[in-house]
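In the numbering used here, the protein residues as written are 8 to 90.
Where is the CB? At the ideal position from N, CA and C, for every residue including glycine.
The structure presented is a predicted model; accordingly, all values stated were derived computationally and were not measured.
Worksheet: the structure to be examined is printed underneath.
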């Protein structure tokens, strides 16, 4: 039991210590320029196409949800008569 635990510890230590460190480019200055431009686009849409799609999907789901809630309220306010 102890031998297996020790072997697992060795493998974990070896894989962590031998991993190559990647240099990640700092993209913050470019993003700051994009988001601070005064081009008339709202900040929640400045991220590009993905932001526009997420915004439209959110608005569509909101409209559908409000419509469904109103439908259920009207259905509850005027119950069906049982024959």
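CB contact flag (residue i, residue j, <8 Å)
i: residue 51; j: residue 45; result: no
i: residue 92; j: residue 53; result: This structure cannot settle anything about residue 92, because the visible part of the chain is limited to 8 through 90.
Helix, strand or coil at residue i [DSSP, three-state]
i: residue 66; result: helix
i: residue 85; result: coil
i: residue 11; result: helix
i: residue 32; result: coil
i: residue 55; result: coil
i: residue 18; result: helix
i: residue 47; result: coil
Start and end residues, alpha helix (DSSP H) containing residue i
i: residue 36; result: 35-43
CB contact check: residue i to chain B, cutoff 8 Å
i: residue 41; result: Looking at the structure shown, chain B is missing, and only one protein chain is on hand.
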